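Below is one structure, written out as structure tokens; the observations come after it.
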Amino acid sequence: QSKNRTDRGVCIFSNEMQDAIDVRVQKEARLRDAIVRRELVLHYQPQVDFETGALVSLEALVRWDSPDYGFLMPGKFIGLAEESGLIGAIDTYVVDAACRQMQQWHQQGHGWIRTAVNLAATKFSDPHFKTELHEAMARYGIPPGVLELEVTESLAMRDPDAALVLMHELKELGILLSVDDFGTGYSNLGYLKRFPADRLKVDQSFVRGLLKNPQDRAIVAAVVRLAHNLNMRAIAEGVESEDEAILLYALDVDEIQGYWMARPQSAEAVEKLFDQPLLLDPAAFLQREALP
Ligand code: C2E
Ligand code: MG
Ligand code: MG
Ligand code: MG
């Protein structure tokens, strides 16, 4: 089918391959513009404390509201951003946008709503990153203890010595830290115990298996104990049902995040939850006999 053949009949480059490259190059160019045109938007997902039932913090999750491709979830463009080197600029944008939003909520009288931002690998080795964070916090008057960074376990363990140094520097700036997707990487526990992280996020793959699978239950129980012994809070993400929440409560998880309570949503939508006293009823959990 291809017209691009050499005289020896070897297909060196098909039209289809060229088309795929064009599509990719174009998407990359559009993504580059998207940052400038402010087409990237943050959605926010509540994280809720089991003891009080109150919203403790939000996770900021980036979306690309593209005139060409529609409303894209990170799975559809973060990979491209990483490969094309745009991810650093995206994360700079996300930190700025999250801080700006926190300031706006504060000015509207909601107080400082603790917000966690996800971090790509490149940022972690970017020598300007600290300055960037410091400047963003200064620009929007962010006090210590409200901006949080989520670092995946695999990223933190890639170069744990460097991670340790940076984490301590971030702590000095008043930034909170959490270890994301915990349980999916290969942790060096000798390093984990030295990380000044505030939270350990149990990966949602374990939450998914919780109801059917005693092994997953054992893993979550162990991770929670580990977190507590290291003076970290344990938070579970991807909680989709009350049954999962009940089990997580029984396993001594401190905080939960998931569709069961609230999906990631626009700033305007999530704002309405700030006035709602409880996102879950803690009394309902205390009364339940959870484990079979
Ligand atoms: P993550 O940090 O582990 O984020 C959690 C993901 O789980 C989010 O997907 C969230 O929408 C989804 N989630 C939350 N609750 C539930 C639930 O109950 N059930 C299910 N099935 N899923 C749930 P999302 O928004 O598609 O983000 C995917 C990943 O993209 C994130 O994983 C994070 O690694 C990355 N990401 C998101 N925003 C950013 C960003 O601003 N910068 C960078 N570098 N990465 C980001
Ligand atoms: Mg995260
Ligand atoms: Mg995660
Ligand atoms: Mg507890």
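The UniProt record's numbering numbers the first residue of the sequence shown as 351 and each following residue consecutively.
Virtual Cβ for every residue (Gly too), placed ideally from N, Cα, C.
These figures come from a predicted structure and were not determined experimentally.
Apart from the five residues just before and just after A448, which ones in its own chain have a Cβ nearer than 8 Å to its Cβ?
Within its own chain, the residues whose Cβ lies closer than 8 Å to the Cβ of A448, once the five positions on either side in sequence are excluded, are L392, A410, T465, V467 and L497, listed in chain order.
Return the first residue and the last residue of the alpha helix (DSSP H) that H484 is part of.
Element bounds for H484: F479 to R489.
Same chain only: Cβ atoms within 7 Å of Q351, ignoring 5 sequence neighbours per side:
Low confidence applies to Q351: its pLDDT is 48, below 50, so where it sits in the model is not reliable enough to give any reading.
Quick check on the DSSP output: what are the complete beta strand (DSSP E) runs of length 3 or more inside the segment 558 to 596, in order along the chain?
Listed in chain order, they are 583 to 587.
Buried or exposed for R575, please, with buried defined as at least 16 other CB atoms from any protein chain shown within 10 angstroms of its CB.
Around the beta carbon of R575, fewer than 16 other beta carbons sit within 10 angstroms, so the residue counts as exposed.
How would you call R567, buried or exposed, if buried means at least 16 neighbouring beta carbons within 10 angstroms?
Result: buried.
Start-to-end residues for the beta strand (DSSP E) that takes in F421
From DSSP, the beta strand (DSSP E) with F421 extends over G420 to L422.
When every heavy atom of ligand 3 is checked, does at least one fall within less than 7 Å of the C-beta of E605?
Checking the Cβ of E605 against ligand 3 gives no.
Thinking C-alpha only, which one of Y419, D399 and G403 is nearest R374?
Closest by alpha carbon: Y419.
Where N538 falls: helix, strand or coil (DSSP)
In the structure shown, N538 sits in coil (DSSP, three-state: anything other than H, G, I, E or B).
Find out if the Cβ-Cβ distance for the pair P396, L405 is shorter than 8 Å.
Yes, they are a contact pair.
For F386, does the count of other Cβ atoms within 10 angstroms reach 16, so buried, or fall short, so exposed?
Looking at the sequence itself, residue 386 is Val, so the reference to Phe does not match. Of the residues assessed, V386 falls on the exposed side of the cut-off, its CB having fewer than 16 other CB atoms within 10 angstroms.
Near ligand 2: N468 beta-carbon under 7 Å from a heavy atom
Remark: the C-beta of N468 is in contact range of ligand 2, defined as less than 7 Å to any heavy atom.
From H460 to K622, what distance separates their C-alpha atoms?
Cα to Cα, the separation comes out at about 11 Å.
Any contact between the segment 592 to 605 and the segment 434 to 442? By contact I mean 3 or more CB pairs, one from each, below 8 Å.
No, because fewer than three Cβ pairs between the segment 592 to 605 and the segment 434 to 442 fall closer than 8 Å, the two stretches do not touch.
Near R544, what residues of its chain come up, given a Cβ to Cβ distance below 8 Å and the 5 sequence neighbours on each side ignored?
Within the same chain, L514 come within 8 Å of R544 by CB-CB distance, once the 5 residues on both sides are set aside.
Rounded C-alpha distance that separates N365 from T472:
Computed Cα separation, rounded: 34 Å.
With distance defined between alpha-carbon atoms, name the residue in E503, D383 and P546 nearest to L580.
Looking at the Cα atoms, P546 is the closest of the given residues.
Does ligand 1 have a heavy atom nearer than 7 Å to the CB of E498?
Outside the cutoff, so no.
Roughly how many whole angstroms lie between the Cα atoms of E500 and V445?
About 12 Å.
Enumerate in chain order the residues of its own chain whose CB-to-CB distance from Y536 is below 7 Å, with the five nearest sequence positions on each side excluded.
Answer for Y536: M507, listed in chain order.
Grouping DSSP H, G and I as helix and E and B as strand, with all else coil, what is H460?
In the three-state scheme derived from DSSP, where H, G and I count as helix and E and B as strand, H460 is classed as coil.
Is E409 near ligand 2, going by C-beta to nearest heavy atom under 7 Å?
Yes, the beta carbon of E409 sits closer than 7 Å to at least one heavy atom of ligand 2.
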